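Protein chains: 2
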Amino acid sequence: MNTGQKRKTERRQKEQLARRRAILAAAREVFFAKGFMDATIDDIADRCSLAKGTIYLYFRSKEDLYTSIMAEGMERLRREFEVLKNLPPGEPGLVESAFRAYIGFYRKNRKYFRIMFLSSQPDVRARTPQEVLLRCMETGMECMGIVRDLVQEGIERAYYRKVDSWAVANILWASINGIIMAYENDPIYRDEFAGMEMEKMLLHSLDLVLEGLKVKK
Amino acid sequence: MNTGQKRKTERRQKEQLARRRAILAAAREVFFAKGFMDATIDDIADRCSLAKGTIYLYFRSKEDLYTSIMAEGMERLRREFEVLKNLPPGEPGLVESAFRAYIGFYRKNRKYFRIMFLSSQPDVRARTPQEVLLRCMETGMECMGIVRDLVQEGIERAYYRKVDSWAVANILWASINGIIMAYENDPIYRDEFAGMEMEKMLLHSLDLVLEGLKVKK
DNA sequence: TCATTAAAATGACTACGAGTCATTAAATGA
DNA sequence: TCATTTAATGACTCGTAGTCATTTTAATGA
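Heads up: the sequence lines are chains A and B, in that order.
Residue 217, in the working numbering, is where the first sequence stops; the numbers in between run on with no holes.
Residue 1217, in the working numbering, is where the second sequence stops; the numbers in between run on with no holes.
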């Protein structure tokens, strides 16, 4: 009768998972409030009422924690992108929908973006366990796949030119990130520098890409 | 006769400037080799045979040093962009020239890009003197101005649609950075992920933008 | 109920690096 | 030569990431 034993083990695992989540929640709050460099492990430990050593039973390094928050962000994005899979058939603005979904995600999850940009820096990656990085990459790839499918559909319906849909998905992704990064860098002076606010710039960019995709009349 | 005095003072200033440059050279080597987080001020001090304290007579923080290297990179970029001001009149591929100039700059100055991306992170910026950040921004603005002028010229010659040339310059810049950032993040797996190497992706992006800019036939 | 053992949590401790500042050395000038 | 200003030094402080011997808690079973 190891059923009893097994059940105990399961409970343990659940407790561990709950602990892990509590730590992540604390880390999220601290990193959101202070950024990576100014946050300390003690801050995070205090926030979830654990000792510093305990944190290291659940995560390998400060970077592991940080990148795990990024992974969380990617997961949220994927969930947000799920709706794109079930667009009403015949829907015309395929790429536009994806673009706007990403903007919408940004609006609701601003704080994750700083983390995404910093945690993809080689310095941070070098101290992050492979598995976490892999998880992020895979989630990102799924999101990108959804966008690629939309582009492909647009091509098949002859809305768009015959372009490399995977490349276009990557370019869309990179362009938006590039713009967001530029604005996030210096939110105070950037409007003045660029002469318009971010959303408007993003929509300009959308317009440019759509024009580039459209079949010529 | 304070001519003597003055000359002495001038010599002093020159020596200080030389010292400053020596420190910057050492910092560049160390940061290029180790990245921001793994580099230490002692590394840099050793490299230019000075004591740690001396570094702090010339720079306010590790971040000041780091961002000063970024400023150096921006300066190089601007010099690279100067040629764009004197394109042969009647030259058709205006935006293409700018795009390729930026790619060329990237090829020759890969190492500066990591620094640019990290030193524009809020964490780093917060510890960098305003003046250095301002210098970077101004240099960037000059570069962007050159691109805007090219776009504007293209519009006036009716190569391109009537778009907001400043916005397009910003979008071009952001898109290329976004792509480079994506690849720099994980140069090993990225080719596999994206299915093509960076240069090809950049050229795809150029194609897309040019199509988006062209006047419809 | 209590002893035994295994697992989890703890926080004092180590190692290390950024930044400081009292001290020393060099340059200048009378 | 000596006085004074300026530059350079490196031992020091302080803060934090990560460790590990010790303690606490929980599970097991007699």
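Every residue gets a Cβ at the ideal spot worked out from N, C-alpha and C, and that includes glycine.
These numbers were taken from a predicted model, which means no experiment stands behind them.
Can you tell me which of the three DSSP states residue i falls into?
i, result
"A/TYR160", "strand"
"A/LYS214", "strand"
"A/ARG20", "helix"
"A/ALA39", "coil"
"A/GLU199", "helix"
"B/THR1067", "helix"
"B/THR1128", "coil"
"B/PHE1193", "helix"
"B/PRO1187", "helix"
"B/LEU1050", "coil"
"A/PRO122", "helix"
"A/LEU150", "helix"
"A/PHE31", "helix"
"A/GLY222", "There is no way to answer for residue 222 of chain A, as the model of chain A reaches only from 1 to 217."
"B/GLY1090", "coil"
"B/PHE1099", "helix"
"B/ARG1059", "It is Phe, not Arg, that sits at residue 1059 of chain B in the sequence shown. B/PHE1059: coil per DSSP, three-state reduction."
"B/THR1003", "For B/THR1003, the predicted structure reports a pLDDT of 37, less than 50, and the residue's modelled location is therefore unreliable. A value from the coordinates is still provided. B/THR1003: helix per DSSP, three-state reduction."
In chain order, what residues of the same chain lie with their CB nearer than 8 Å to the CB of residue i, ignoring the 5 residues before and after it?
i, result
"B/SER1175", "SER1205, VAL1209"
"B/LYS1162", "ILE1155"
"A/MET201", "ILE179, TYR183, ALA194"
"A/ARG127", "SER61, LYS62, GLU63, ASP64"
Taking 7 Å as the cut-off, decide whether the C-beta atoms of residue i and residue j are in contact.
i, j, result
"B/MET1144", "B/ALA1169", "yes"
"B/PHE1081", "B/ILE1146", "yes"
"B/ALA1101", "B/LEU1087", "no"
"B/MET1181", "B/ILE1115", "no"
"B/GLU969", "A/GLY212", "It is not possible to answer for residue 969 of chain B, since the shown part of chain B is limited to 1001 through 1217."
"B/VAL1124", "B/SER1068", "no"
"B/GLU1060", "B/PRO1129", "For the sequence presented, residue 1060 of chain B should be read as Arg rather than Glu. Cβ distance < 7 Å, so B/ARG1060 and B/PRO1129 count as in contact."
"B/SER1120", "B/TYR1066", "no"
"B/GLY1150", "B/PHE1105", "Note that residue 1150 of chain B is Leu in the sequence shown, not Gly. Not a contact, by the Cβ cut-off of 7 Å."
"B/ILE1103", "B/TYR1058", "no"
Once the 5 residues before and after residue i are set aside, which same chain residues still bring their CB inside 7 Å of it?
i, result
"A/GLU197", "ASP191"
"A/GLU221", "Past the boundaries of the shown model lies residue 221 of chain A; chain A is included only from 1 to 217, so the question cannot be answered."
"A/ARG148", "SER165, TRP166, ALA169"
"A/MET74", "CYS136, THR139, GLY140"
"B/LYS1062", "ILE1041"
"A/ALA27", "ILE44, LEU65, ILE69"
"A/PHE31", "ALA39, TYR66, ILE69, ILE115"
"B/ASN1109", "GLY1073, ARG1076"
"B/PHE1113", "TYR1106, ILE1180, GLU1184"
Contact check, residue i vs residue j under 8 Å by CB: the rounded distance?
i, j, result
"B/TYR1159", "B/PRO1092", "7 Å"
"A/ALA45", "A/ALA39", "The pair is not a contact, with the Cβ atoms about 11 Å apart (cut-off 8 Å)."
"B/LYS1216", "A/LYS111", "Actually they do not touch by this definition, with Cβ atoms about 41 Å apart."
"A/LEU172", "A/PHE99", "7 Å"
"A/GLU153", "A/LEU94", "6 Å"
"A/PRO122", "B/GLY1035", "6 Å"
Note down, in chain order, each residue of its chain lying with its Cβ closer than 6 Å to the Cβ of residue i, except the 5 sequence neighbours on either side.
i, result
"A/ALA33", "none"
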